[in-house]
Amino acid sequence: MTPRQRLVLFGVAIAGLAACYLWAFAGLPGFGRYPGPYGPAILSRVIAQTNATGVVSAVNFDYRGFDTVGEEFILFTAAAGMAVVLRRLRGERERSPVDEARDRALPPTSGAVRMPALLLTGPIVLIGWWLASHAQTNPSGGFQGGVVLATAFVLVYLSGEFLTFRRISPVAVLDAVEAVGAAGFVAVGLTAVALGFPYLYDYLPLGQVPGAVSSSGTIALISFFVGLEVAAAFILIIGELLEQTLLVRSG
Amino acid sequence: MTSVAAATPYAVPNALMDTLQVTLLVLVAAGAVAVVRTRNRMRLVLMLSGYGVLLAVLFFAFQAPDVTLSELTVGAVVLPVILLLAIAKVRKRAE
Amino acid sequence: MQIFPFLVVAWIVAVGLYGVVTSRDLIHQIVCLIVVQSSTYVLLLGVGYVTGAVAPYLYDIPPHTRAVDPAVQALALTDVVVEAAVTALLLSFAVQAHKRFGTLDPHELASFKG
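Chains as they are written, first to last, in the working numbering: chain A, 5 to 255; chain B, 849 to 943; chain C, 49 to 162.
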């Protein structure tokens, strides 16, 4: 198929798709005229039922907890799939990360990169931890906190070398942390089943004050596990790609 | 189902919010075209990072701070890092 | 303003798909897929928006304030993070394809067998 034929076929297909799409949206009430009833129903009952003021996280981990389990396992499978796809093929060898010529003077990382990276690593770990543990109060949650935590490890690589990055994040530890995160989420749900409630029911005490860190039952716990899993998955992904780029050679 | 709309201290006039959202939507549409038309790989990574920040501001104007946080951290930091690593791997083999 | 955000969504999908169809580089194709996926976030948030409403965080606003729909925000939130992991998986496919066949051009890659 020549590029011209491909473009013509694409034009026909996109015209059909756009027509169906606009026909579908002609039947909706328009932008800004959300009629409910799901949104207002949740908003009027969320504090009474879960004592959480971060309604989006309450939806994510309590009202729609089952969907979040599925999404988390997509993340888990993608990280595992990358480890399988980027395996060492026949005819490749992996260089050692330690420099073989010991007396070679490497140019050090420039000061302009090193200084901000070192200064910011500590605060970013703190911010990531804060985000992952405050899902029920503010706009935060396990997913965002986990990604910010993973970024701190990338900063360590940027300010130093690959050996430092590998030393503070060995693959075995990351695998274990990721497994604990994913299994913890499922285990919280299964404990609810063992206690006689539906799967992922909020069975822990709901706390006194709506929006405190210790309130909202299982939402805070699940957010913590999700943060662990997302951080470990992203550090694994970046570590895999770093190893491929820096260490793996052919022949 | 009817809920009383109380006047909060954060309310802005509807026309102002509409203008802001329309401007950001037009910028996002232009940003998408700019990203697609970039062919150089390095420039593509930077354009994607800028597009991610623009999307994050749009989500903020849609009253969704959680999605803004996610899009900022993922679209402006993690995705460019992953892309840069893949590009470095692919380019090294070509030399 | 009634349907303008949805028109922008359709535009982004069309532009992204055009990029996928006319691309000569796997990395560029993957970035265009990211652009197409970003349109779904705009769609989700556009469906749940209420004019004159605030963000659905009841921490410091009086009760019964009108707020936007939180359920679509929860969907978009997890979507954004999971998309990055799936993109990383796609990029690892591209890296292995380059190792095996030496090229990242989809037109040439399509004619290889096995």
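All C-beta atoms in this analysis are idealised placements derived from N, C-alpha and C, irrespective of residue type, glycine included.
C-beta contact flag for L917 of chain B and L872 of chain B at 8 Å: Within the second sequence, the letter at position 69 stands for residue 917 of chain B. Within the second sequence, the letter at position 24 stands for residue 872 of chain B. Contact flag unset, no.
To the nearest angstrom, how far is the alpha carbon of A101 of chain C from that of A909 of chain B? By one-based count along the third sequence, residue 101 of chain C stands at place 53. By one-based count along the second sequence, residue 909 of chain B stands at place 61. The straight-line gap from Cα to Cα measures roughly 11 Å.
One question on the structure: do S61 of chain A and G145 of chain A come within less than 8 Å of each other, judged by their Cβ atoms? Taking the first sequence and counting its residues from 1, one reaches residue 61 of chain A at position 57. Taking the first sequence and counting its residues from 1, one reaches residue 145 of chain A at position 141. The Cβ atoms of S61 of chain A and G145 of chain A lie closer than 8 Å to each other.
For V58 of chain A, name the three-state secondary structure that DSSP assigns. To locate residue 58 of chain A, count along the first sequence from 1; it is residue 54. Residue identity differs from the one stated: residue 58 of chain A is Gly in this sequence, not Val. G58 of chain A carries a strand assignment under DSSP once its states are collapsed to helix, strand and coil.
Looking only at C-alpha atoms, which of C:D153, C:F52, C:V130 sits nearest to V90 of chain C? Locating residue 90 of chain C in the third sequence gives position 42, where the first residue counts as 1. Put simply, of C:D153, C:F52, C:V130 the residue whose alpha carbon is nearest the alpha carbon of V90 of chain C is C:F52.
S140 of chain C at chain A interface by Cβ criterion, 8 Å: As a first step, residue 140 of chain C is located in the third sequence; it is residue number 92 there, counting from the start. True, the Cβ-Cβ gap to chain A drops below 8 Å.
Verify the CB distance criterion: does I46 of chain A have a CB-CB separation below 8 Å to chain C? Position 42 of the first sequence, counted from the first residue, corresponds to residue 46 of chain A. Judged by the 8 Å Cβ criterion, I46 of chain A is in contact with chain C.
Evaluate E943 of chain B with the Cβ neighbour count: other Cβ atoms within 10 Å of its Cβ, from every protein chain shown; 16 or more gives buried, anything less gives exposed. As a working mapping, residue 943 of chain B is identified with position 95 in the second sequence. Confidence is the limiting factor: at E943 of chain B the pLDDT is only 46, short of 50, which leaves the residue's position unreliable, though a coordinate-based value still follows. That one is exposed.
Give a yes or no on whether the C-beta atoms belonging to A82 of chain A and V134 of chain C are separated by under 8 Å. As a position in the first sequence, residue 82 of chain A is number 78, starting the count at 1. As a position in the third sequence, residue 134 of chain C is number 86, starting the count at 1. Their beta carbons are under 8 Å apart, which means A82 of chain A touches V134 of chain C by this criterion.
What residues match up with R37 of chain A in a beta bridge as DSSP calls it? Position 33 of the first sequence holds residue 37 of chain A. Note: R37 of chain A sits in a beta bridge opposite C:V98.
Output yes or no for whether 8 Å exceeds the beta carbon distance between V230 of chain A and E76 of chain A. Indexing the first sequence from 1 puts residue 230 of chain A at position 226. Indexing the first sequence from 1 puts residue 76 of chain A at position 72. Pairing V230 of chain A with E76 of chain A gives a Cβ-Cβ distance under 8 Å.
C-beta contact flag for L152 of chain C and I82 of chain C at 8 Å: Walking along the third sequence from the start, residue 152 of chain C turns up at place 104. Walking along the third sequence from the start, residue 82 of chain C turns up at place 34. No, the pair does not count as a contact, with Cβ atoms beyond the cut-off.
Could you tell me whether any Cβ in chain A is nearer than 8 Å to the Cβ of L913 of chain B? Locating residue 913 of chain B in the second sequence gives position 65, where the first residue counts as 1. Going by the sequence as given, residue 913 of chain B is Pro instead of Leu. Chain A contact via Cβ: present.
Of all the CB atoms in chain B, is at least one closer than 8 Å to the CB of A119 of chain C? The sequence position of residue 119 of chain C within the third sequence is 71, counting from 1. Chain B, which has no Cβ nearer than 8 Å to the Cβ of A119 of chain C, makes this no.
With distances taken from CA atoms, which of B:A936, B:I930, B:L875, B:R939 is nearest V79 of chain C? Translated into positions along the third sequence, residue 79 of chain C becomes position 31. Ranking the options by Cα distance to V79 of chain C, first place goes to B:I930.
Could you give the DSSP three-state label for V102 of chain A: helix, strand or coil? Along the first sequence, read from residue 1 onward, the residue named residue 102 of chain A stands at position 98. Looking at V102 of chain A - three-state DSSP - the assignment turns out to be coil, as it is neither helix nor strand.
What three-state label does DSSP hand E75 of chain A in the structure shown? In the first sequence, the residue the question calls residue 75 of chain A occupies position 71. Note: E75 of chain A maps to helix in three-state DSSP.
Just the chain B side, please: which residues come within less than 7 Å of F304 of chain A by C-beta, in chain order? Because chain A is modelled from 5 through 255, residue 304 of chain A falls outside the range shown and cannot be assessed.
By DSSP, does Y105 of chain C sit in helix, in strand, or in coil? Numbered from 1 along the third sequence, position 57 holds the residue referred to as residue 105 of chain C. Three-state result, Y105 of chain C: strand.
Straight-line Cα distance separating P33 of chain A from A116 of chain A: Counting from one through the first sequence, the residue named residue 116 of chain A turns up at place 112. Counting from one through the first sequence, the residue named residue 33 of chain A turns up at place 29. If you take the alpha carbons of A116 of chain A and P33 of chain A, they lie about 53 Å apart.
Specify the secondary structure class of E165 of chain A as computed by DSSP and reduced to three states. Counted from its first residue, the first sequence places residue 165 of chain A at position 161. Three-state result, E165 of chain A: coil.
Counting contacts by CB-CB distance shorter than 8 Å, is I128 of chain A in contact with chain B? As a first step, residue 128 of chain A must be located in the first sequence, where it is residue number 124. The beta-carbon of I128 of chain A is placed no less than 8 Å from the nearest beta-carbon of chain B.
DSSP on A139 of chain A, reduced to helix/strand/coil? Sequence index remark: in the first sequence, residue 139 of chain A carries index 135 (1-based). It is coil, neither helix nor strand.
Chain A partners of F52 of chain C, CB-CB under 9 Å? Position 4 of the third sequence holds residue 52 of chain C. Within chain A, the residues whose beta carbon sits less than 9 Å from that of F52 of chain C are F35, listed in sequence order.
Any C-beta of chain C sitting closer than 8 Å to the C-beta of Y42 of chain A? Along the first sequence, one-based indexing puts residue 42 of chain A at 38. So yes, Y42 of chain A belongs to the interface.
Say whether chain C places a C-beta atom closer than 8 Å to the C-beta of E75 of chain A. For this step, residue 75 of chain A is matched to residue 71 along the first sequence. E75 of chain A counts as touching chain C.
Does the beta carbon of A853 of chain B come closer than 8 Å to any beta carbon on chain A? Residue 853 of chain B sits at position 5 when you count from the first residue of the second sequence. Because the pLDDT of A853 of chain B is 45, which lies under 50, any placement of that residue in the model is unreliable, and the number read from its coordinates should be weighed accordingly. Closer than 8 Å: no.
Members of the region 881 to 899 of chain B that neighbour chain C once the beta carbon cut-off is set at 7 Å: Taking 7 Å as the Cβ-Cβ cut-off against chain C, the residues of the region 881 to 899 of chain B that qualify are V881, V883, V884, R887, R889, L892, L896.
Could you tell me if I3 of chain A is buried or exposed, where buried requires 16 or more neighbouring beta carbons within 10 angstroms of its beta carbon? Absent from the structure is residue 3 of chain A, since the part of chain A shown begins at 5 and ends at 255.
Contact list for R253 of chain A against chain C, beta-carbon separation under 7 Å: As a working mapping, residue 253 of chain A is identified with position 249 in the first sequence. Going along chain C, no residue has its Cβ under 7 Å from R253 of chain A, so there is no contact; the nearest lies around 11 Å.
Exposure label - H146 of chain C; buried when at least 16 CB within 10 Å: Within the third sequence, the letter at position 98 stands for residue 146 of chain C. Residue environment for H146 of chain C: buried (at least 16 other C-beta atoms within 10 angstroms of its C-beta).
Quick check on DSSP: helix, strand or coil for V852 of chain B? Translated into the one-based positions of the second sequence, residue 852 of chain B becomes position 4. Any reading at V852 of chain B must be qualified, since the residue scores a pLDDT of 40, below 50, and its modelled position is unreliable; the value itself is stated next. It is coil, neither helix nor strand.
Going along the chain, which residues of its own chain have a beta-carbon closer than 7 Å to the beta-carbon of M890 of chain B, five neighbours each way excluded? Locating residue 890 of chain B in the second sequence gives position 42, counting from the first residue. Same-chain partners within the cutoff: there are none.
Taking the straight line between their C-alpha atoms, what separation do you get for T222 of chain A and V192 of chain A? As a working mapping, residue 222 of chain A is identified with position 218 in the first sequence. As a working mapping, residue 192 of chain A is identified with position 188 in the first sequence. The straight-line gap separating the alpha-carbon atoms of T222 of chain A and V192 of chain A is approximately 8 Å.
Cβ of A924 of chain B within 8 Å of any chain C Cβ: Counting from 1 along the second sequence, the entry for residue 924 of chain B is found at position 76. It does not: the Cβ of A924 of chain B has no partner Cβ on chain C nearer than 8 Å.
Contacts around R253 of chain A, its chain only, beta-carbon distance under 8 Å, and the 5 residues preceding and following it disregarded: Here the question's residue 253 of chain A lines up with position 249 in the first sequence. Taking C-beta separations shorter than 8 Å and ignoring five residues to either side along the sequence, the partners of R253 of chain A in its chain run E96, R97, E98, R99, following chain order.
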